[in-house]
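Asker:
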Amino acid sequence: MTEEAANTLIGQVPEWNLINQDGILKLQRSWKAKTFMKGLEFFQAVADVAEAEGHHPDLHLVGWNNVKIDIWTHSVAGLTENDFILAAKISGLNLPHLLRKQAEYDDLKGCKMIGARLLPSIQCYADPELEAIRQRRMQELMAQRGGAANQPNPEQQNAQEEAKREADERRQMMLNQIVSSEARERIARIALVKPEKARGVEDVILRAAQMGQIVEKVSEERLISLLEQINTQTTKQTRVTIQRRRSVLDDDD
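Count the sequence shown with UniProt numbering and you get residues 1 to 253, in order.
1) Unbroken alpha helix (DSSP H) runs of length 4 or more, entirely within the segment 149–230: which are they?
2) Can you look up I10 in the DSSP assignment and give me helix, strand or coil?
3) So within the segment 28–101, which uninterrupted beta strand (DSSP E) runs reach at least 3 residues, ignoring any that extend past its ends?
4) Look up Q21 in the DSSP assignment and give the residues it is bridged to.
5) To the nearest angstrom, how far is the alpha carbon of E220 from that of G92?
6) When you compare each of E196, A209, E81, K164 to L27 by their alpha carbons, which one comes out closest?
7) Does the Cβ-Cβ distance between H55 and L86 come in under 8 Å?
8) For the segment 43–53 against the segment 11–20, do three or more pairs of beta-carbon atoms, one drawn from each stretch, fall closer than 8 Å, so that the two count as touching?
9) Report the option in V76, R170, R184 whose CA atom is closest to the CA atom of T35.
10) Would residue 254 be called buried (16 or more neighbouring beta carbons within 10 Å of its own) or exposed?
11) Measure the Cβ-Cβ separation of I187 and A198 and say whether it is below 8 Å.
12) Report yes if the C-beta distance between E41 and L98 is below 8 Å; otherwise report no.
13) Taking C-beta to C-beta, are A45 and G39 nearer than 8 Å?
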């Protein structure tokens, strides 16, 4: 399909953008999921529609819970009429439990901007589910302090364990989405001997994802580079210089 023909059809799906990426015409649209997990659910809903059409669009999780879809036909390295039909069907999905309203998404444009790219900050894109876990944890801690001998009762202890388990599962799922299997295996090997270092590396990766700095899965090569940077910084921070204090009786010689 020529660019002229695509410009004619784009009016049928006004929510989508027509882009030319490296000479390949594509349809592109972004959404704001309510949470990271809701974004994954949205991808599954889109995949169900696309597979029924024999189509495989490019699904991107950008930042923490920004979702983006590129539609194009790989066999022709461009667009066909079927791509516009799929775009219309995806736009017709009614998923208010997964996605923010467009007005809510537009309100986020006041967040930090670098060039023309919107980088999500923790304040702008706070995950409501994670926030609920944090709030519940805070309430439990406050209840413990007010209890006898500061000892949690069995219900509180079970709630704490459940909250921790949910947070760990969510953390692992996030890492699976943004870290390649080879890189995860290397982190697992590090965790066997230096668990704190392994978790620190994961924290760095997750923070980078929150800031929108990761647009593709972290490869083993990139992980190695990151580890080298961390080792260099650690060496600089732990270096101690001892200088003997001179006495007034010391000779200048």
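Cβ coordinates follow ideal geometry from the N, Cα and C atoms, glycine included.
Answerer: For this structure:
1) 154–178, 181–193, 195–210
2) Counting from one through the sequence shown, the residue named residue 10 turns up at place 10. I10 falls in the helix class under three-state DSSP.
3) 58–62, 66–71
4) For the purposes of this step, residue 21 is taken as the residue at position 21 of the sequence shown. BP columns for Q21 point to I24.
5) Locating residue 220 in the sequence shown gives position 220, where the first residue counts as 1. Locating residue 92 in the sequence shown gives position 92, where the first residue counts as 1. Taking the straight line joining both Cα atoms gives about 39 Å.
6) Position 27 of the sequence shown holds residue 27. That would be E81, whose Cα lies nearest to the Cα of L27.
7) Taking the sequence shown and counting its residues from 1, one reaches residue 55 at position 55. Taking the sequence shown and counting its residues from 1, one reaches residue 86 at position 86. Yes, the pair counts as a contact, with Cβ atoms nearer than the cut-off.
8) no
9) Translated into the one-based positions of the sequence shown, residue 35 becomes position 35. For the residues V76, R170, R184, the minimum Cα distance to T35 belongs to R170.
10) One cannot answer for residue 254 here, as it falls past the ends of the chain, which runs 1 to 253.
11) Start at 1 with the first residue of the sequence shown, and residue 187 comes out as number 187. Start at 1 with the first residue of the sequence shown, and residue 198 comes out as number 198. Contact flag set, yes.
12) Your numbering for residue 41 matches position 41 in the sequence shown. Your numbering for residue 98 matches position 98 in the sequence shown. Going by C-beta atoms, E41 is nearer than 8 Å to L98.
13) As a first step, residue 45 is located in the sequence shown; it is residue number 45 there, counting from the start. As a first step, residue 39 is located in the sequence shown; it is residue number 39 there, counting from the start. No, the pair does not count as a contact, with Cβ atoms beyond the cut-off.
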